[in-house]
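Using the working numbering, you'd call the opening residue of the sequence shown number 141 and step up by one each time.
Don't be surprised by glycine CBs; every beta carbon is placed ideally from N, CA and C.
It should be emphasised that the depicted structure is a prediction, and the values quoted were computed from it without experimental measurement.
Each remark here refers to the structure printed beneath this line.
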Amino acid sequence: MKLILAIIQTADEADTVQSLNKEGFFVTKLSTTGGFLKAKNTTLLIGTDNAKVDAVIAILKKHAGHRMQLSPVSGGDMRIFNPAGANMVEVPAGGCVVFIVDIDKAEKF
Ligand code: 2BA
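This is the structure we're talking about:
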């Protein structure tokens, strides 16, 4: 068994946890703070079988990994035209730091 500790952006928490739960994974959420930037983040604790670690990583990558996403802007040179009518700009989002730890034994009482 493994314990996966995933530090994610709090904005990505809802989608990530919902997707993990939907796939049958148990998750504990901790409200945490980065020691360097002092910004709030979220740490997920996920205990799972060794064979399912890659499935968890795939979900974390999809919902919490580094990506570019469109965000509305009111002006500036970086504006691009969006067919939906709004002025949008691509901004970096997400980011996930993962630690995977061997667990000798896990029990529930
Ligand atoms: P990341 O490396 O993507 O780390 C994002 C957050 O993940 C960190 O927030 C921290 O909460 C956690 N984290 C990352 N690596 C960790 C580790 N080895 N052990 C425990 N927790 C870890 P922050 O500490 O606020 O860092 C925010 C960003 O600032 C980092 O992004 C990195 O780009 C930079 N950074 C952090 N510490 C640094 C340092 N000592 N020197 C230079 N840059 C640093």
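Each of K245, L145 and K202 was checked against the Cα of K169, and the nearest Cα belongs to L145. Taking the CA atoms as reference points, L177 sits about 24 Å from L210.
By alpha-carbon distance to K142, the top candidate from T188, A198, V196 and K202 is T188.
Taking the C-beta atoms as reference points, H203 is found no nearer than 8 Å to S171.
Excluding its 5 nearest sequence neighbours in each direction, V213 has C-beta neighbours in its own chain below 8 Å: R219, N227, M228 and V229, listed in chain order.
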